[in-house]
Ligand SMILES: [Zn+2]
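Residue numbers (this note's numbering): 34 to 260.
Written out as C-alpha cells, the structure is:
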C-alpha cells in the first residue's frame, strides 16, 4: 500500500534505525532514495554495508564524502581512534561519541540533494526516546531545522522522524511489522566497534540495541503465549 505518490530521501547509515526507516519509507512513498555519508568515521565499512542493504531494498543509493565533519571533530571517539569511548553518559556533558553538527550537516546536505531531484520528503531515524544525550536527535532540533531549511531554500520540505517517540524495543517491533526483522538483525551495523549484526556486545550502541531486542522478544513471547 503506497500512501504517498511522491519521492522520499532517507538519510541512511545502514544501522538498525535508518534501515527500519528505509523500509518504513518504502511502504509509504512511490520512490525511495538513500544518501550515506563518509565523514571520517572509524569504520568505513559502514557505507559498504549501507550500499548492500540499499541494493537489497532496490532503492537509489549515493555516498557523499564529507571529511570536513571528521576534521572538525577531533575530540570525538567515533572519529579519533586514540580516544576510548564513554561507556555511560557523563553527568555534565554529552558522551564523547557525539559528533558535533553531524545531523545538522547531514540533513542540510540531504535537503540540497533532495531539492536537486525534486524530492520534498526527507526521513531520518533519530529518536528522542533513546537519544543517548545527543542534542541533535531531539524533536525540537528537527522541527527547528525543518523551518530553517524551508526558509533557506524557499521550499516545502517535510522531515519525517518515524522513530522519534519510540524506544529500541518498539523499533524492533516496527522492523518485524515491516517484514525485515531478520535483515535488520543480521545485516545492519550499529556497533561502535564496527561489527555488523549483533555487534561486539559491549559498546554503548550494542547495549542499547541488545536491551531493546531482548525486551521486544520477551514481549512477543508473552503475546504469543497469551493468545
Ligand atoms: Zn558494539
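Ideal placement from N, C-alpha and C gives every residue a C-beta, glycine not left out.
Note that the structure is a prediction, hence the values are computed from the model and not measured.
Using alpha carbons as the reference points, say which of 189, 104, 46 lies closest to residue 78. 46
For residue 113 and residue 260, I'd like the C-alpha separation in whole angstroms. 50 Å
Going by DSSP in three states, residue 217 sits in which element: helix, strand or coil? helix
Nearest candidate by alpha-carbon position, reference residue 248, set 206, 102, 212, 237: 206
Could you check where the alpha helix (DSSP H) with residue 41 kicks off and where it finishes? First-last for residue 41: 37-44, but that is the beta strand (DSSP E), not the alpha helix (DSSP H).
Beta carbon of residue 62 nearer than 8 Å to that of residue 91: no
Residue 215 to residue 85 span [Cα, whole Å]: 15 Å
Would the C-beta of residue 236 count as close to ligand 1, meaning under 7 Å from any of its heavy atoms? yes
If you draw a straight line from the alpha carbon of residue 156 to that of residue 196, how long is it in whole angstroms? 10 Å
Quick check: does the Cβ of residue 232 come within less than 7 Å of any heavy atom belonging to ligand 1? yes
Counting pairs of Cβ atoms below 8 Å between the segment 140-159 and the segment 105-119, do you hit three or more? no
Would the segment 59-76 count as touching the segment 172-189 if we require 3 or more Cβ pairs under 8 Å? no
Could you spell out the range, first to last residue, of the beta strand (DSSP E) harbouring residue 71? 62-71
Any heavy atom of ligand 1 within a distance shorter than 7 Å of the CB on residue 82? no
Pull the bridge partners of residue 98 from the DSSP assignment, please. 71
Taking contact to mean at least 3 C-beta pairs separated by less than 8 Å, is the segment 93-108 in contact with the segment 128-140? yes
So, under 8 Å CB-CB, residue 128 and residue 165 are touching, yes? Tell me the CB distance rounded to an integer number of Å. 6 Å
Report the rounded CA-to-CA distance for residue 70 versus residue 258, giving the unit in angstroms. 43 Å
Residues in its own chain within less than 6 Å of residue 73 by CB, not counting five upstream and five downstream? 100, 103, 112
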